[in-house]
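Position in the sequence shown (from 1) plus 3 gives the number in our numbering.
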Amino acid sequence: MKQTVYSTGRRMLDIIDLAIFDFLMGNMDRHSYYVFKYFGNYSTIFNFDHGRGFGRYQTDELSCLVPLTQCCIIRKSTFQRLLILQKDEYKLGDVMRESLSTDIIAPVLYEAHYAALDRRLGIIINAVRKCTSNAKNIDEVLKPEPLMPNVEEREEIFDNSSDQSNK
């Protein structure tokens, strides 16, 4: 049986992380992503952005969360970090405000964008909680970081001790 690129490895979890990121900043302009073929399903995804995030703070584009709500999986570490950013002492909006306050072009965002981050974070956490309440086991939803098989065999591609350029 042929395995799809989404059934093993890290790709689906990366896509869900990216969907969460896009939802938080209101980016509805994500069309594609790229991977390094050499690493197969264990390549991290990368993408090019057109800078269209943080546009409409009053609108929450729920379609950005479709990968999360349909697949009902998320990295356990991602969910744990999101839960921390919902706590009063680490509110995402406050953390972003503080981080961006020292930027050379400050103020970077309108105050309403910080409130939108907190509101959207709540929507994400509620979506994950809905997934976990519908699952037989929480491990069906909260996934560990996939490890690349045979890592020892592939370490030689990072070994700079011998010149491989003439081969």
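For glycine and all other residues, C-beta sits at the position ideal for the given N, C-alpha and C.
All figures in this text were calculated on a predicted structure; none of them were measured in a lab.
| field | Residue burial classification, phenylalanine 26 (beta-carbon count within 10 angstroms, cutoff 16) | value | Answer is buried; the Cβ neighbour count reaches 16.
| said: Under 8 Å: do the region 135-149 and the region 102-117 share three or more Cβ pairs, one atom per stretch? | reply: Too few Cβ pairs lie closer than 8 Å, so no.
| query | Should the region 67-75 be regarded as contacting the region 48-57, the criterion being three or more beta carbon pairs within less than 8 Å? | reply | Two segments are said to touch when three or more pairs of C-beta atoms, one from each, lie closer than 8 Å; by this definition the region 67-75 does not touch the region 48-57.
| In three-state DSSP terms, what is tyrosine 60? | In the structure shown, tyrosine 60 sits in coil (DSSP, three-state: anything other than H, G, I, E or B).
| field | Those residues which DSSP pairs with lysine 40 across a bridge | value | Answer is none; lysine 40 lacks a bridge partner.
| said: Please tell me whether lysine 79 and proline 147 are closer than 8 Å, where the distance is taken between their beta carbons. | reply: Yes, Cβ-Cβ distance for lysine 79 and proline 147 is below 8 Å.
| Opposite arginine 55 in the DSSP bridges: which residues? | In DSSP, arginine 55 forms no bridge with anything.
| request: Sort Tyr41, Gln89, Cys75 and Leu103 by Cα distance to isoleucine 18 and report the nearest one. | output: It is Cys75.
| message | At the level of alpha carbons, what is the spacing between phenylalanine 24 and methionine 15? | response | Annotation: phenylalanine 24 to methionine 15 spans about 14 Å, alpha carbon to alpha carbon.
| message | So if DSSP puts leucine 145 in a beta bridge, which residue, or which two residues, is it bridged to? | response | Looking at the DSSP assignment, leucine 145 forms a beta bridge with Ile77.
| For phenylalanine 49, the residue or residues it bridges with in DSSP | In the DSSP output, where bridge partners are listed per residue, phenylalanine 49 has Tyr37.
| Beta-carbon separation (whole angstroms), isoleucine 77 vs valine 131, contact threshold 8 Å | Taking a contact as a CB-CB distance under 8 Å, the pair isoleucine 77 and valine 131 counts as one, their CB atoms being some 6 Å apart.
| field | Beta-carbon gap between aspartate 32 and isoleucine 126 smaller than 8 Å | value | Going by C-beta atoms, aspartate 32 is not nearer than 8 Å to isoleucine 126.
| field | DSSP three-state assignment for aspartate 17, whether helix, strand or coil | value | Of the three classes helix, strand and coil, the one that applies to aspartate 17 here is helix, per DSSP.
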